[in-house]
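If you read the protein sequences in the order shown, they are chains Y and H.
In terms of the working numbering, the first sequence opens at residue 286 and continues consecutively.
In terms of the working numbering, the second sequence opens at residue 286 and continues consecutively.
Backbone N, C-alpha and C fix where the C-beta goes; we use that ideal spot for every residue, glycine too.
2 protein chains.
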Amino acid sequence: MKASILAVGGELLGTDRLDTNSLVLTEVLRRRGVELVSKAVVGDDVVEIAATLGALRERAELLLVTGGLGPTRDDLTREGLARLLGRSVAVDEALWGRIERGFRKLGRRIPRVNRKQAERVDGAEMLPNRAGVAPGQRIGDAAPSPRGTTYFLFPGVPRELKVLVDDALDPWLAARAEDGAGFDQVEVRVACLPESVVEERIVPVYERFGDRDVSVLARPGEIRLRLRAGGPAVSRTPRLARMEAAVRKALGGAVFYVGAIEDGIEFEAAVGDLLTARGETVAVAESCTGGQLGQRFTATAGSSAYFAGGFLTYSNHLKMRLLGVPRETLREHGAVSKPTVLAMASGARERCGSDYGIGISGVAGPGGGTEERPVGTVHIAVAGPAAAGSHFEARFPGDRARVRQLSTQFALELLRRMLLPGETGRDLLPWSAPRGEGSA
Amino acid sequence: MKASILAVGGELLGTDRLDTNSLVLTEVLRRRGVELVSKAVVGDDVVEIAATLGALRERAELLLVTGGLGPTRDDLTREGLARLLGRSVAVDEALWGRIERGFRKLGRRIPRVNRKQAERVDGAEMLPNRAGVAPGQRIGDAAPSPRGTTYFLFPGVPRELKVLVDDALDPWLAARAEDGAGFDQVEVRVACLPESVVEERIVPVYERFGDRDVSVLARPGEIRLRLRAGGPAVSRTPRLARMEAAVRKALGGAVFYVGAIEDGIEFEAAVGDLLTARGETVAVAESCTGGQLGQRFTATAGSSAYFAGGFLTYSNHLKMRLLGVPRETLREHGAVSKPTVLAMASGARERCGSDYGIGISGVAGPGGGTEERPVGTVHIAVAGPAAAGSHFEARFPGDRARVRQLSTQFALELLRRMLLPGETGRDLLPWSAPRGEGSA
Numbered sequence: 286m287k288a289s290i291l292a293v294g295g296e297l298l299g300t301d302r303l304d305t306n307s308l309v310l311t312e313v314l315r316r317r318g319v320e321l322v323s324k325a326v327v328g329d330d331v332v333e334i335a336a337t338l339g340a341l342r343e344r345a346e347l348l349l350v351t352g353g354l355g356p357t358r359d360d361l362t363r364e365g366l367a368r369l370l371g372r373s374v375a376v377d378e379a380l381w382g383r384i385e386r387g388f389r390k391l392g393r394r395i396p397r398v399n400r401k402q403a404e405r406v407d408g409a410e411m412l413p414n415r416a417g418v419a420p421g422q423r424i425g426d427a428a429p430s431p432r433g434t435t436y437f438l439f440p441g442v443p444r445e446l447k448v449l450v451d452d453a454l455d456p457w458l459a460a461r462a463e464d465g466a467g468f469d470q471v472e473v474r475v476a477c478l479p480e481s482v483v484e485e486r487i488v489p490v491y492e493r494f495g496d497r498d499v500s501v502l503a504r505p506g507e508i509r510l511r512l513r514a515g516g517p518a519v520s521r522t523p524r525l526a527r528m529e530a531a532v533r534k535a536l537g538g539a540v541f542y543v544g545a546i547e548d549g550i551e552f553e554a555a556v557g558d559l560l561t562a563r564g565e566t567v568a569v570a571e572s573c574t575g576g577q578l579g580q581r582f583t584a585t586a587g588s589s590a591y592f593a594g595g596f597l598t599y600s601n602h603l604k605m606r607l608l609g610v611p612r613e614t615l616r617e618h619g620a621v622s623k624p625t626v627l628a629m630a631s632g633a634r635e636r637c638g639s640d641y642g643i644g645i646s647g648v649a650g651p652g653g654g655t656e657e658r659p660v661g662t663v664h665i666a667v668a669g670p671a672a673a674g675s676h677f678e679a680r681f682p683g684d685r686a687r688v689r690q691l692s693t694q695f696a697l698e699l700l701r702r703m704l705l706p707g708e709t710g711r712d713l714l715p716w717s718a719p720r721g722e723g724s725a
Numbered sequence: 286m287k288a289s290i291l292a293v294g295g296e297l298l299g300t301d302r303l304d305t306n307s308l309v310l311t312e313v314l315r316r317r318g319v320e321l322v323s324k325a326v327v328g329d330d331v332v333e334i335a336a337t338l339g340a341l342r343e344r345a346e347l348l349l350v351t352g353g354l355g356p357t358r359d360d361l362t363r364e365g366l367a368r369l370l371g372r373s374v375a376v377d378e379a380l381w382g383r384i385e386r387g388f389r390k391l392g393r394r395i396p397r398v399n400r401k402q403a404e405r406v407d408g409a410e411m412l413p414n415r416a417g418v419a420p421g422q423r424i425g426d427a428a429p430s431p432r433g434t435t436y437f438l439f440p441g442v443p444r445e446l447k448v449l450v451d452d453a454l455d456p457w458l459a460a461r462a463e464d465g466a467g468f469d470q471v472e473v474r475v476a477c478l479p480e481s482v483v484e485e486r487i488v489p490v491y492e493r494f495g496d497r498d499v500s501v502l503a504r505p506g507e508i509r510l511r512l513r514a515g516g517p518a519v520s521r522t523p524r525l526a527r528m529e530a531a532v533r534k535a536l537g538g539a540v541f542y543v544g545a546i547e548d549g550i551e552f553e554a555a556v557g558d559l560l561t562a563r564g565e566t567v568a569v570a571e572s573c574t575g576g577q578l579g580q581r582f583t584a585t586a587g588s589s590a591y592f593a594g595g596f597l598t599y600s601n602h603l604k605m606r607l608l609g610v611p612r613e614t615l616r617e618h619g620a621v622s623k624p625t626v627l628a629m630a631s632g633a634r635e636r637c638g639s640d641y642g643i644g645i646s647g648v649a650g651p652g653g654g655t656e657e658r659p660v661g662t663v664h665i666a667v668a669g670p671a672a673a674g675s676h677f678e679a680r681f682p683g684d685r686a687r688v689r690q691l692s693t694q695f696a697l698e699l700l701r702r703m704l705l706p707g708e709t710g711r712d713l714l715p716w717s718a719p720r721g722e723g724s725a
């Protein structure tokens with residue numbers, strides 16, 4: 286089976302938006318062994334939508350369309366497909382009734398304009414949308430198309446698309462997959478190691494298993510490795526297990542997640558899980574990150590079990606007043622220094638009554654850098670039950686957003702290393718050392 | 286003139302790369318007043334390239350192709366276009382001679398495989414590449430295409446593409462542009478109004494100017510309207526000004542930005558600018574948002590001018606201890622209540638010595654909801670120099686991330702309304718009222 290993806294929306298033809306929904310679709314196609322032969326983007330234009338779908342169906346049996354299912358007059362995907370197939374579009378009154386009832390239950394009046402979202406291409410099966418109002422649609426097209434194309438229409442809102450892919454597309458593809466053939470994948474996630482160091486360390490894995498079945502995805506402060514094994518289930522399962530073991534050996538304590546791609550947890554949630562398992566809590570004292578560390582800790586449901594609270598202390602005045610950082614420490618060493626972040630960490634820990642405290646202070650830029658402390662200089666400390674806290678000084682590359690993101694990433698890692706038995710934090714070194722960007 | 290863009294390359298059909306070259310091409314098309322009608326991506330396959338170009342030329346007179354001009358056997362763009370046009374591809378010996386001489390001058394032997402890069406589609410004009418080996422090509426196609434399509438072939442390496450766009454495409458477009466023709470755009474940004482309300486209010490704009498030149502981009506808690514006016518400069522400039530005035534009138538105080546798309550500022554920065562202009566500061570006290578509000582305030586460089594600091598108080602204990610929320614308030618009204626967030630806001634304001642304080646407390650979910658306070662219930666308060674603070678209660682839809690994002694968005698809006706002269710916060714109502722989600 287071959288597939289093509291069409292994204293509909295004038296905003297995707299501008300200079301500041303790219304279609305990223307296709308990546309979600311590509312992932313599930315790959316998992317199910319379906320070849321993606323092309324992608325396309327068109328604006329909100331019935332003729333253009335119909336013509337493009339008409340061209341794509343010449344070379345694919347599965348067309349996945351995102352966007353253009355909303356309530357406004359430039360949501361025209363339904364009309365475009367109907368035009369191609371020579372079918373009509375009409376409001377599905379049963380569906381409209383359900384939508385109305387849902388709104389009424391919430392005590393909400395549904396704007397009349399939303400009726401458009403209950404429009405169905407004649408012959409389409411509606412795909413319920415747990416995450417929003419507009420359902421998806423699946424339409425078969427045995428007659429006019431040479432290939433008997435199947436069309437899936439999805440909302441363009443990423444969150445709603447993901448839900449519909451899981452609920453409707455993936456099961457549909459799974460039911461059609463050839464018996465037993467396919468491939469398994471596992472994802473390994475590593476924080477705070479640079480891509481070059483990860484690549485260097487996994488050379489033995491490449492040598493033993495080849496490089497076709499390992500892909501490396503780099504994000505700021507995090508690397509994700511995808512390991513793949515194909516062929517019949519009986520041979521690919523043990524092969525994948527051997528690959529996984531080899532990667533674990535190569536990367537050691539830096540690995541914070543190994544498992545299915547779809548179960549992959551965020552780094553902050555992995556650290557939260559470690560705290561939960563130990564029945565311990567953490568508090569934060571943030572300067573240059575201004576709340577991002579707290580926001581990451583609390584992004585996960587149930588974080589109240591391990592996140593006590595914190596302080597956002599931008600000024601020296603508040604570092605003293607709220608956290609009890611001694612005036613002399615600030616005068617002697619400055620706000621961006623090891624003694625200051627250690628005092629911030631202890632202050633947060635004591636005032637929140639938590640097991641650990643994290644202090645961050647740095648120069649996020651673009652202004653505020655000096656020769657001694659250029660933009661990107663960040664000090665991070667963790668105070669815990671032991672007398673001596675843990676400290677890391679970094680010189681992060683990139684702009685303000687990048688420096689802040691890496692700061693919270695390394696703060697999480699510094700705490701994580703403290704929570705792992707027998708860990709020394711040694712692996713934090715390689716990230717900065719080759720670039721001369723910090724010291725532990 | 287209408288244009289389409291095709292990116293060639295199997296790597297662009299995977300899960301971790303997107304075609305970004307098209308943004309460079311889109312920008313120059315926009316500048317020269319050429320309408321982009323579609324974009325496409327195909328793999329390294331002659332048949333697929335030829336078929337896609339064949340479909341695209343039905344609806345565009347200008348086809349811009351990137352990638353597939355390299356020396357390897359899967360660089361097939363030249364072959365694909367030649368197949369479509371029924372022409373041949375042959376090494377341009379004069380060009381090959383120049384390439385060889387260039388390499389020799391650098392003291393390098395050129396690999397034989399590079400001869401492929403001197404291949405020319407019969408009838409094409411070669412476009413010299415100052416930044417690399419592979420030249421671009423321009424081919425006219427008067428005969429077989431209904432529209433007399435012109436094809437540009439560009440290398441996929443971004444740096445080389447940019448040079449060729451400047452050297453070859455832009456001058457070609459400039460020479461063809463109708464005198465002064467083109468279009469202008471302006472973006473209007475609005476926070477905390479639902480899309481349906483915005484659509485309803487701008488009906489008069491649609492009625493007066495049509496709906497083709499207005500596009501609506503919805504994000505969580507923010508709507509961006511793009512207004513376009515085309516034609517000769519002498520008429521489009523006043524037309525755009527009239528559209529802008531009509532939209533401003535329709536949306537009133539909800540508008541926080543009007544201007545060029547590329548200058549558009551984030552909502553939190555717009556609020557920061559208001560504070561800066563007044564020489565005032567703000568502090569935060571966050572419960573369910575856990576630091577996100579502080580992180581948004583401090584995302585902008587120079588935010589220390591208006592952001593004092595804050596408190597992350599997840600537990601009742603810390604709300605009392607750090608913010609001075611009275612025990613009786615929590616006992617009588619609960620943590621998610623108007624009196625509690627008002628006390629949090631005042632506590633943050635006093636302890637940080639700022640002009641304003643913002644308190645947020647809510648049920649972000651997925652757990653923790655009750656019948657009285659279901660998931661999505663959020664109370665927000667702003668305390669300021671005036672005796673009575675401002676308060677907003679919402680019942681936000683969506684998951685934890687959405688509830689938290691909307692909470693900080695509405696907190697920013699509640700403060701912004703307080704900073705605008707003569708504003709009552711009345712416009713905050715429509716967002717929630719039709720859905721029964723809150724009261725001001």
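(request) Compute the Euclidean distance between the alpha carbons of H:Val471 and H:Asp684, then round it to the nearest angstrom. (result) 33 Å
(request) Give the secondary structure of Y:Glu320 by DSSP, where H, G and I count as helix, E and B as strand, and everything else as coil. (result) When DSSP states are grouped into helix, strand and coil, Y:Glu320 belongs to the strand group.
(request) Could you confirm whether any beta carbon from chain H is found closer than 7 Å to the beta carbon of Y:Gly387? (result) no
(request) Going by CA-CA distance only, name the one from Y:Ile424, Y:Ala419 and Y:Pro456 that's closest to Y:Gly441. (result) The shortest Cα separation from Y:Gly441 among Y:Ile424, Y:Ala419 and Y:Pro456 belongs to Y:Ala419.
(request) Could you name each continuous beta strand (DSSP E) segment of 3 residues or more that falls completely within the stretch 338-365 of chain H, going from the start of the chain to the end? (result) 347-351
(request) Return the residues of the stretch 578-596 of chain H that lie within a Cβ-Cβ distance of less than 9 Å from chain Y, sorted by chain order. (result) Leu578, Gly579, Gln580, Arg581, Phe582, Thr583, Ala584, Thr585, Ala586, Gly587, Ser588, Ser589, Phe592, Ala593, Gly594, Gly595 and Phe596
(request) State buried or exposed for Y:Ser481, treating a residue as buried only when at least 16 other CB atoms are found within 10 Å of its CB. (result) exposed
(request) Determine the direct distance from the alpha carbon of Y:Arg563 to that of Y:Pro706, and round the result to whole angstroms. (result) 12 Å
(request) Note down, in chain order, all residues in the stretch 525-558 of chain Y with a beta-carbon under 7 Å from any beta-carbon belonging to chain B. (result) No chain B appears in this structure, whose protein chains are Y and H.
(message) What residue range does the alpha helix (DSSP H) around H:Ile384 cover?
(response) It spans Glu378 to Lys390 - the alpha helix (DSSP H) in which H:Ile384 sits, taken as one unbroken run.
(message) According to DSSP, H:Gly661 sits in a beta bridge with which residue or residues?
(response) Beta-bridge pairing links H:Gly661 to no other residue.
(message) Does H:Gly392 pass the burial test, meaning 16 or more other C-beta atoms within 10 Å, or should it be called exposed?
(response) exposed
(message) Tell me which residue opens and which closes the alpha helix (DSSP H) that Y:Tyr491 is part of.
(response) Counting along the chain, the alpha helix (DSSP H) containing Y:Tyr491 begins and ends at Val488 to Phe494.
(request) Report yes or no: do the stretch 656-669 of chain H and the stretch 530-540 of chain H share at least 3 C-beta pairs separated by less than 8 Å? (result) no
(request) Anything in the stretch 319-330 of chain H with a Cβ closer than 8 Å to a Cβ of chain Y? List those residues in chain order, please. (result) Residues passing the 8 Å Cβ filter: Leu321, Val322, Ser323, Lys324, Ala325, Val326, Val327, Gly328 and Asp330.
(request) Please decide whether Y:Val641 counts as near chain H, where near means a Cβ-Cβ distance under 7 Å. (result) For clarity, residue 641 of chain Y is Tyr in the given sequence; the question names Val instead. Contact of Y:Tyr641 with chain H is not assigned, every C-beta pair being separated by 7 Å or more.
(request) Along the alpha helix (DSSP H) that carries Y:Asp469, what are the first and last residues, could you check? (result) Counting along the chain, Y:Asp469 falls outside any alpha helix (DSSP H), though it belongs to the beta strand (DSSP E) covering Phe468 to Ala476.
(request) In the DSSP assignment, find the beta strand (DSSP E) that holds H:Lys287 and state where it starts and stops. (result) Lys287 to Val293
(request) Could you confirm whether any beta carbon from chain Y is found closer than 7 Å to the beta carbon of H:Thr300? (result) By the rule that beta-carbons nearer than 7 Å mark a contact, H:Thr300 touches chain Y.
(message) By DSSP's criteria, Y:Gly654 is part of a beta bridge. Which residues make up the other side?
(response) DSSP output for Y:Gly654 lists no bridge partner at all.
(message) Using the three-state DSSP reduction, which class does Y:Ile726 fall into: helix, strand or coil?
(response) What the structure shows of chain Y is the stretch from 286 to 725, and residue 726 of chain Y is not part of that stretch, so it cannot be assessed.
(request) State whether the stretch 325-340 of chain H contacts the stretch 296-312 of chain H, with contact taken as three or more CB pairs (one from each stretch) at a distance under 8 Å. (result) A contact exists between the stretch 325-340 of chain H and the stretch 296-312 of chain H.
(message) Considering only their Cβ atoms, is the gap separating Y:Val448 from Y:Val490 smaller than 7 Å?
(response) no
(request) Look at the alpha carbon of H:Ala375 and the alpha carbon of H:Val293, and state the distance between them as a whole number of angstroms. (result) 20 Å
(message) Quick check on Y:Gly652: buried or exposed, where buried means 16 or more other Cβ atoms within 10 Å of its Cβ?
(response) exposed
(request) At 8 Å on the CB atoms, spell out the chain H contacts of Y:Ser600, in chain order. (result) Under the 8 Å cutoff, chain H gives Ser589, Ala593 and Gly594.
(request) Have a look at the DSSP bridge pairing and note the partners of Y:Met411. (result) Y:Gln422
(request) Within its chain, find whatever has a CB closer than 8 Å to the CB of H:Thr625; leave out the 5 residues flanking it on each side and keep chain order. (result) Lys604, Val610, Thr614, Leu615, His618, Gly619, Gly644, Ser646 and His664
(request) Identify, in the order they occur along the chain, each residue of the same chain with its Cβ nearer than 8 Å to the Cβ of Y:Pro715, setting aside the five sequence neighbours on each side. (result) With a pLDDT of 42 at Y:Pro715, under the threshold of 50, the modelled position of this residue cannot be trusted; read the value that follows with caution. Same-chain partners within the cutoff: Leu478, Pro479 and Val482.
(message) For the pair the stretch 550-564 of chain Y and the stretch 585-596 of chain Y, tell me if three or more CB-CB distances fall below 8 Å.
(response) Judged by Cβ distances under 8 Å, the stretch 550-564 of chain Y makes contact with the stretch 585-596 of chain Y, as three or more pairs qualify.
(message) What residue range does the beta strand (DSSP E) around H:Val507 cover?
(response) Note on residue identity: the sequence assigns Glu, not Val, to residue 507 of chain H. Note, H:Glu507: beta strand (DSSP E), Glu507 to Gly515.
(request) Just mark Y:Lys390 as buried or exposed, buried being the case when its beta carbon has 16 or more other beta carbons within 10 Å. (result) Exposed, because fewer than 16 other Cβ atoms sit within 10 Å of the Cβ of Y:Lys390.
(message) Between Y:Ala340 and chain H, is any beta-carbon pair separated by less than 7 Å?
(response) With respect to chain H, the C-beta atom of Y:Ala340 has a partner C-beta closer than 7 Å.
(message) Out of H:Lys401, H:Glu385 and H:Ile550, which one is the CA nearest neighbour of H:Ile395?
(response) Comparing Cα positions, the closest option is H:Glu385.
(request) Count the other CB atoms, across all protein chains shown, that sit within 10 Å of the CB of H:Lys324; report buried if there are 16 or more and exposed otherwise. (result) Buried, by the Cβ-count rule.
(request) Have a look at H:Thr362, H:Arg358 and H:Gly355 and flag the residue whose alpha-carbon is nearest the alpha-carbon of H:Leu348. (result) The residue from H:Thr362, H:Arg358 and H:Gly355 with its alpha-carbon nearest to that of H:Leu348 is H:Thr362.
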